[in-house]
Each structure stands twice: as C-alpha cells, then as structure tokens.
Amino acid sequence: MVYLQQRAKLVELEQALAGPSVAVEPKSARAETAPSRNVLPRIQLPQFSGKFEDWPAFRDLFRSIVVEENSLSKVEKFHYLKTSVKGDAEQLIRNLTSTEDNFERAWSTLKEHFENARLLVRSYLTAFTSLPRMKADSVADLRRIFHGVVSTVGALEGIGRPIENGTDLFVHIAIELLDSKTRREWENSLGKSSEPPSYEDLREFLQEQLMTQEVLRTVAGETSGKSSTEKSSRSARANHVKGRNTDSSRSCPLCKKEHFMAFCEQYKKKSAQERREAVNTHQRCWNCLGRHMVGECPSAKNCNKCAGRHHTTLHEAFSSAPAIALPVAASSSSPTVHVSKRPPAESIAVLLATARVFVTDRSGARHSVRALVDPGSETCLIAESLAQ
Numbered sequence: 013m014v015y016l017q018q019r020a021k022l023v024e025l026e027q028a029l030a031g032p033s034v035a036v037e038p039k040s041a042r043a044e045t046a047p048s049r050n051v052l053p054r055i056q057l058p059q060f061s062g063k064f065e066d067w068p069a070f071r072d073l074f075r076s077i078v079v080e081e082n083s084l085s086k087v088e089k090f091h092y093l094k095t096s097v098k099g100d101a102e103q104l105i106r107n108l109t110s111t112e113d114n115f116e117r118a119w120s121t122l123k124e125h126f127e128n129a130r131l132l133v134r135s136y137l138t139a140f141t142s143l144p145r146m147k148a149d150s151v152a153d154l155r156r157i158f159h160g161v162v163s164t165v166g167a168l169e170g171i172g173r174p175i176e177n178g179t180d181l182f183v184h185i186a187i188e189l190l191d192s193k194t195r196r197e198w199e200n201s202l203g204k205s206s207e208p209p210s211y212e213d214l215r216e217f218l219q220e221q222l223m224t225q226e227v228l229r230t231v232a233g234e235t236s237g238k239s240s241t242e243k244s245s246r247s248a249r250a251n252h253v254k255g256r257n258t259d260s261s262r263s264c265p266l267c268k269k270e271h272f273m274a275f276c277e278q279y280k281k282k283s284a285q286e287r288r289e290a291v292n293t294h295q296r297c298w299n300c301l302g303r304h305m306v307g308e309c310p311s312a313k314n315c316n317k318c319a320g321r322h323h324t325t326l327h328e329a330f331s332s333a334p335a336i337a338l339p340v341a342a343s344s345s346s347p348t349v350h351v352s353k354r355p356p357a358e359s360i361a362v363l364l365a366t367a368r369v370f371v372t373d374r375s376g377a378r379h380s381v382r383a384l385v386d387p388g389s390e391t392c393l394i395a396e397s398l399a400q
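Plus 12 on top of the position in the sequence shown (first one is 1) and you've got the working numbering.
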C-alpha cells in the first residue's frame with residue numbers, strides 16, 4: 013500500500029515537471045507535409061578585423077544572422093559578438109561581462125565607434141590612392157586597379173557617399189595609375205568628345221582592357237605550351253596571330269612613329285575618304301583603328317556622331333560614300349595589292365554584292381567571314397589568314 017502511494021506521488025511529480033503535453037504528429041504525417049530541402053553547409057559567422065573599411069559588410073551580415081534572430085538570447089548574441097571581432101573592436105568590448113544588458117551596450121559601442129562616415133570615406137580613399145602604378149603590360153596590376161575602382165565606388169555608395177560630385181577627380185586619379193600605353197588607348201577610346209568621361213566610361217574601358225589582356229595571355233600560354241614539332245609546322249600561323257595581336261598604338265602605319273594612328277599628322281591631313289582608304293590599305297579596324305577586323309573589335313565604343321560601327325574620324329566617309337569597300341582579313345608579311353579601274357566620271361557607282369558566311373575549321377570552331385559574290389568570276393580567291 014505504501015509503495016502504491018509513493019508511486020502515485022512520483023507520477024504526479026513527473027507530470028508536473030514535464031508541463032503540458034504536446035501533441036506529436038505521426039512521422040508519416042510530418043513526412044507528407046514537410047517540404048523537402050537540400051542539406052546546405054552551415055553558415056559561418058562573419059569575422060570583423062577591426063578595420064573601418066570592413067565594418068559595413070560585417071555589420072549588415074551579423075545583424076541579419078544574429079541580432080535579428082529572436083530565438084537567441086541576448087547572452088548568446090553577446091557570446092557570438094565577442095567571438096566574431098578582433099583587433100580594436102575586441103578591445104572595446106573585452107571588459108564587458110556576458111549579461112543580457114551588456115549585449116545592447118557592446119553593439120552600440122561598436123556602432124558608435126566604427127560608423128563614422130568621415131573615417132570610412134578617408135579609409136576607402138586612402139586604400140584606393142595607395143594602389144601601386146601599373147607596370148607595362150601587367151595583367152595583375154590592371155586587375156588590381158579595376159577591382160580597386162569598382163570596390164571603392166561601391167563602398168562609398170554603401171555609406172551614402174556616391175562619387176557623382178567628384179567623378180572628374182576620381183577618374184583622373186584612376187587613369188594616372190595606368191601605364192603610358194593604356195593611357196593612350198584610353199584617350200583614343202574617348203575620340204573627339206569634349207565632354208569629361210564618366211565613371212561608367214572608365215569602368216567599361218578597364219573591363220574591356222582586362223578582358224582583352226586575359227584573352228591574349230591565354231593565347232600566348234597555349235602557343236608557348238605546344239611541342240617543337242607543332243611550332244615548326246605551324247610557324248606561319250603563329251606569326252600571323254602574333255602580328256594581329258601586336259599593339260596598334262606602338263607603331264603608326266603611315267609615318268612609322270610611336271603613336272596611335274588617329275594622332276598621326278598625315279592621317280589628320282587626309283580627307284575622310286582618304287582616311288578610309290588608308291585604313292583598308294593597312295588592314296586596320298574601322299571602329300578602333302587596331303590591327304584586327306571590325307567584326308573582332310573588342311571595343312564597345314562607336315562613332316560619336318552617328319553611333320555607327322566605325323571610328324569618329326571616318327564618319328563622313330561612311331555617311332557619304334557611294335560604294336562599300338571591304339577590307340581583306342589578311343595580315344601576312346607580304347601585303348595583298350588590290351588593283352581596280354576607276355570608272356569614268358559619268359559612270360554610275362556599282363554596289364558589289366557581299367554576304368556574311370560562317371566557315372568551320374578542322375577543330376570544329378566557327379568563324380564569321382565576309383564573302384564577295386561575283387557570278388562572273390573565273391577564279392576563286394581566299395585570304396591567307398582564312399586559309400590558315
């Protein structure tokens with residue numbers, strides 16, 4: 013009897029300690045209603061180094077993961093905060109004990125110290141102006157400058173300090189970090205525009221230059237990795253690619269001096285039609301005057317007057333030319349000579365039929381080429397560069 017009484021009291025105590033019963037759904041029911049999810053990696057808490065420029069990113073992420081998580085107690089939040097900061101930030105809250113009241117105090121202390129717009133702006137601009145100048149043809153330096161430009165503008169916009177009012181100075185500082193060759197290409201990309209360049213102009217130019225340098229470096233790496241037998245059997249093709257990838261600003265084809273073709277005095281003195289003929293003769297790009305065809309031009313800039321796919325200095329030749337003259341995509345050491353008979357003055361201009369066609373090489377790669385359609389031709393001609 014005593015045993016049964018003690019047993020009943022024990023059961024009552026167990027029920028009181030367990031609290032109200034919670035209805036548990038069968039596993040089968042939960043399996044039907046619970047949505048299936050992929051198991052994702054656990055999110056790591058962000059780490060704050062104590063540098064002013066790193067505070068905004070840490071603040072936003074820590075606030076989303078920890079501060080706004082209602083299931084965590086303030087003591088737990090304070091523990092996570094202490095283990096996530098280093099340097100000066102850790103020293104600011106080191107002596108605060110882990111209590112609920114001290115979490116709000118510690119979080120406010122860090123925000124008051126590091127959310128200083130003046131110090132943040134100075135920190136961002138100091139890091140940007142401390143970038144080393146670009147060495148000649150250095151892809152790593154060009155990439156560092158591009159990332160510095162984009163990250164600095166993004167960081168300033170993130171704290172409500174966009175560069176709209178200081179765009180001219182910012183662009184000037186960024187251009188001064190480039191080497192002389194890249195600065196010449198920057199000036200050429202602006203054409204004859206009298207308006208100061210914008211940040212978007214700078215960003216697009218740096219992105220195009222970086223993409224071009226990456227492609228050229230990849231091609232150079234593939235060429236250097238070939239076997240000696242492949243090099244000897246394809247020496248002509250390697251020389252052709254090397255000639256096309258040579259920087260167009262190093263040597264002017266008209267006067268053979270070290271400047272870009274558009275800056276040449278001989279080029280400037282020519283009429284628009286004569287300039288166009290010079291571009292065709294020296295096998296230059298209509299759009300940027302570089303050593304490639306216009307269909308392969310990486311530049312996003314077009315004519316400043318009509319937005320056509322040609323250089324601004326050739327605008328009049330393209331807007332008033334009676335016939336279309338197509339450049340030949342050949343860049344071998346021996347130039348191809350084109351001979352044509354000029355029609356009498358009273359003759360009507362003739363338009364030659366052309367077509368854009370695609371050819372496939374032995375590796376399966378497709379190439380876009382321009383074909384001249386002449387039904388009465390007795391011979392079929394092909395450029396050496398296309399044949400290779």
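Beta carbons are placed, not taken as given, at the ideal position from N, Cα and C, and that holds for glycine.
Residues bridged to residue i (per DSSP)
i, result
"Leu-384", "Thr-366"
"Val-371", "His-379"
"Phe-60", "Val-97"
Rounded separation between residue i and residue j - CA only
i, j, result
"Ala-186", "Trp-198", "11 Å"
"Lys-281", "Leu-266", "12 Å"
"Gln-59", "Glu-80", "17 Å"
"Arg-173", "Arg-130", "10 Å"
"Asn-82", "Ser-76", "11 Å"
"Phe-74", "Pro-209", "38 Å"
"Ala-395", "Ala-383", "10 Å"
"Leu-52", "Asn-177", "44 Å"
"Pro-310", "Leu-326", "18 Å"
"Glu-212", "Ser-205", "15 Å"
"Glu-88", "Glu-124", "22 Å"
"Gly-160", "His-304", "30 Å"
"Ala-337", "Met-146", "The predicted model places Ala-337 with a pLDDT of 46, which falls under 50 and marks its position as unreliable; any figure quoted below should be read in that light. Ala-337 and Met-146: Cα-Cα distance of roughly 40 Å."
"Phe-64", "Ile-105", "16 Å"
"Arg-321", "Ala-101", "55 Å"
"Leu-398", "Cys-264", "25 Å"
"Asp-66", "Phe-275", "45 Å"
"Lys-192", "Asn-107", "The displayed chain sequence assigns Ser, not Lys, to residue 192. In a straight line, the C-alpha of Ser-192 is about 54 Å away from that of Asn-107."
"Cys-297", "His-184", "28 Å"
"Phe-126", "Lys-94", "16 Å"
"Ser-142", "Glu-169", "20 Å"
"Asp-72", "Phe-140", "23 Å"
"Ala-167", "Pro-68", "9 Å"
"Tyr-92", "Gly-376", "56 Å"
"Ser-201", "Phe-272", "11 Å"
"Val-78", "Arg-54", "14 Å"
"Leu-214", "Arg-287", "28 Å"
"Val-369", "Arg-196", "35 Å"
"Leu-181", "His-294", "38 Å"
"Asp-149", "Glu-270", "16 Å"
"Ser-8", "Ala-319", "The question about residue 8 has no answer, for the chain in this structure spans 13 to 400."
"Leu-189", "Cys-392", "51 Å"
Rounded distance between the beta-carbons of residue j and residue i, thought under 8 Å
i, j, result
"Thr-194", "Gln-221", "6 Å"
"Val-165", "Ile-175", "6 Å"
"Asn-292", "Asn-314", "Incorrect: roughly 19 Å between the Cβ atoms, too far for contact."
"Glu-216", "Ala-312", "6 Å"
"Ser-96", "Leu-57", "5 Å"
Residue interval of the alpha helix (DSSP H) (run including residue i)
i, result
"Ala-274", "Neither: Ala-274 is in no alpha helix (DSSP H) and is coded neither H nor E."
"Ser-292", "Before going on, a small fix: residue 292 reads as Asn here, not Ser. 284-293 is the span of the alpha helix (DSSP H), which, as asked, contains Asn-292."
"Val-183", "179-188"
"Gly-172", "Where Gly-172 is concerned, there is no enclosing alpha helix (DSSP H), given that its DSSP letter is neither H nor E."
"Asn-114", "112-126"
"Val-133", "129-141"
"Asp-72", "67-74"
"Asn-314", "Run containing Asn-314: none; DSSP gives neither H nor E here."
"Ser-201", "192-202"
"Ala-148", "That residue, Ala-148, is in no alpha helix (DSSP H); it is neither H nor E in DSSP."
Contacts around residue i, its chain only, beta-carbon distance under 7 Å, and the 5 residues preceding and following it disregarded
i, result
"Val-385", "Ala-365, Thr-366, Ala-367"
"Gly-307", "Ser-380"
"Thr-121", "Leu-104, Ile-105"
"Asn-316", "Gly-203, Lys-204, Ser-205, Thr-324"
"Gln-278", "Leu-266, Cys-267"
"Phe-90", "Ser-110, Asn-114, Phe-115, Ala-118"
Proximal residues to residue i (C-beta, below 6 Å), its chain only, five neighbours per side dropped
i, result
"Gln-285", "Ala-329"
"Lys-86", "Glu-112, Phe-115"
"Arg-42", "Because Arg-42 carries a pLDDT of 46, less than 50, the predicted location of this residue cannot be relied on, and no value is offered for it."
"Leu-218", "Phe-158"
"Asp-153", "Met-146, Lys-147"
Own chain residues within Cβ distance below 8 Å of residue i, not counting five before or after
i, result
"Leu-137", "Thr-164"
"Lys-98", "Gln-59, Phe-60, Ser-61, Gly-62"
"Arg-155", "Leu-222"
"Val-371", "Arg-378, His-379, Val-381, Leu-398"
beta-carbon residue i near the ligand SAH non-hydrogen atom, thresh 7 Å
i, result
"Gln-103", "This structure simply doesn't include the ligand SAH, nor any ligand for that matter."
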